[in-house]
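Numbering (our numbering), first residue to last: 598 to 857.
Contents: one structure, followed by commentary.
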């Protein structure tokens with residue numbers, strides 16, 4: 598734990614210097630508050646607006662978390678189907694790739710028009726943004742499984758389900774969690790984008806309201822909360838990964854010690 602903190606010290610020092618410089622420039626009126634608010638003003642907004650920020654934060658976190666969980670489930674199902682059936686792979690894979698070329702800001706209003714305002718369109722947006730890394734990484738994990746292990750299972754009379762359960766899925770967990778970590782960094786921002794087009798509350802709505810009111814300190818306070826939520830979800834996935842695959846952490850630690 599201490600070694601990781603020491604590695605983060607240079608980045609923290611640079612961040613503190615940047616914030617200090619911005620504060621000095623703001624106090625000297627070189628940078629005006631309507632252009633970029635001072636860090637002290639943003640911190641003050643976080644304190645004075647904590648009740649309303651918490652309400653919007655809770656709404657965004659709920660949508661992001663639920664959409665994130667659904668995207669993991671959908672990604673796993675799609676990867677399993679594409680791995681099991683060649684026809685499904687040929688039919689779905691091009692569509693999946695095309696779906697990721699459409700900017701989220703363009704597709705979000707269309708989804709809102711189709712499903713109306715509320716929870717459903719926001720969940721769909723998070724789902725569309727986050728399921729792709731899970732599906733593609735897990736599918737890649739299936740293809741990277743040692744073929745000799747599969748041949749051994751076939752020689753022992755194992756069926757497809759047994760091979761998937763005992764060989765392919767356990768061997769693909771590293772790829773799966775790699776995709777989940779990527780999705781974790783997307784889900785909060787996807788929820789915010791959905792709120793911009795079809796939300797009634799949430800950090801995205803709060804950002805729009807404060808921007809229209811030219812209250813940029815509060816707007817930047819909501820941006821900081823979005824960053825914090827994304828980091829929390831990302832590190833939560835890392836904790837779950839270590840609990841599910843403790844041997845992976847032990848292997849990495851052993852390799853690092855050998856390199857030293």
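Even for Gly, the Cβ is constructed at its ideal location relative to N, Cα and C.
It should be emphasised that the depicted structure is a prediction, and the values quoted were computed from it without experimental measurement.
Checklist entry - Is the beta carbon of residue 731 sitting closer than 9 Å to the one on residue 773? => result yes
Checklist entry - Can you check whether the CB of residue 677 is closer than 9 Å to the CB of residue 770? => result no
Item to check | Backbone secondary structure at residue 755 - three-state DSSP | outcome: coil
Next on the checklist: Are the CB atoms of residue 704 and residue 722 within a distance shorter than 9 Å?
Outcome noted: yes
Next on the checklist: For residue 783 and residue 624, I'd like the C-alpha separation in whole angstroms.
Outcome noted: 35 Å
Checklist entry - Smallest Cα separation from residue 748: which of 709, 763, 603? => result 763
Item to check | Simplified DSSP assignment, three categories, for residue 697 | outcome: coil
Item to check | Contact set for residue 636: own chain, Cβ-Cβ below 7 Å, skip 5 residues either direction | outcome: 616, 619, 620
Item to check | Straight-line gap, residue 681 to residue 710 (C-alpha atoms, nearest Å) | outcome: 35 Å
Item to check | Residue of 840, 819, 835 minimising C-alpha distance to residue 644 | outcome: 819
Item to check | Secondary structure of residue 633, DSSP reduced to three states | outcome: coil
Checklist entry - Is there contact here, the stretch 795-812 with the stretch 745-759, by at least three beta-carbon pairs under 8 Å? => result no
Item to check | Same chain, Cβ closer than 6 Å to residue 795, neighbours up to 5 away in sequence not counted | outcome: 709, 714, 718
Checklist entry - Taking buried to mean at least 16 other C-beta atoms within 10 Å of its own C-beta, is residue 810 buried or exposed? => result exposed
Checklist entry - Quick one: what's got a C-beta closer than 6 Å to residue 793's C-beta in the same chain, skipping five residues either side? => result 801
Checklist entry - Do you know how far the Cα of residue 608 is from the Cα of residue 744? => result 43 Å
Checklist entry - With 16 as the cutoff for other CB atoms within 10 Å, does residue 765 come out buried or exposed? => result buried
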